[in-house]
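Structure first, commentary second.
Numbering (this note's numbering), first residue to last: 167 to 234.
Dropping the structure here:
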């Protein structure tokens with residue numbers, strides 16, 4: 167799956183409260199991932215980055231490249 171598309175899906179998954187949309191996003195991510203562990207890992211990383219952004223700890227581009 168293209169990394170930017172995957173990041174977009176993960177970003178939306180992190181912030182959406184709509185359960186139907188969350189399920190749809192998970193299906194799309196799982197279809198493009200190698201396995202479910204990869205989806206879980208990427209989702210956790212996206213959640214962590216969103217929390218950092220909300221608390222004013224926005225990572226730099228270099229930090230983003232180093233972190234999954």
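Positions of the beta carbon are idealized from the N, C-alpha and C atoms, including for glycine.
Using only the alpha-carbon positions, how far apart do residue i and residue j sit?
i: residue 171; j: residue 200; result: 15 Å
i: residue 210; j: residue 203; result: 11 Å
i: residue 182; j: residue 175; result: 10 Å
i: residue 214; j: residue 222; result: 12 Å
i: residue 196; j: residue 207; result: 12 Å
i: residue 187; j: residue 169; result: 20 Å
i: residue 217; j: residue 180; result: 10 Å
Mark residue i as exposed unless 16 or more other C-beta atoms lie within 10 angstroms of its C-beta, in which case mark it buried.
i: residue 212; result: buried
i: residue 193; result: exposed
Which two residues bound the contiguous alpha helix (DSSP H) that contains residue i?
i: residue 218; result: 202 to 220
i: residue 173; result: 169 to 181
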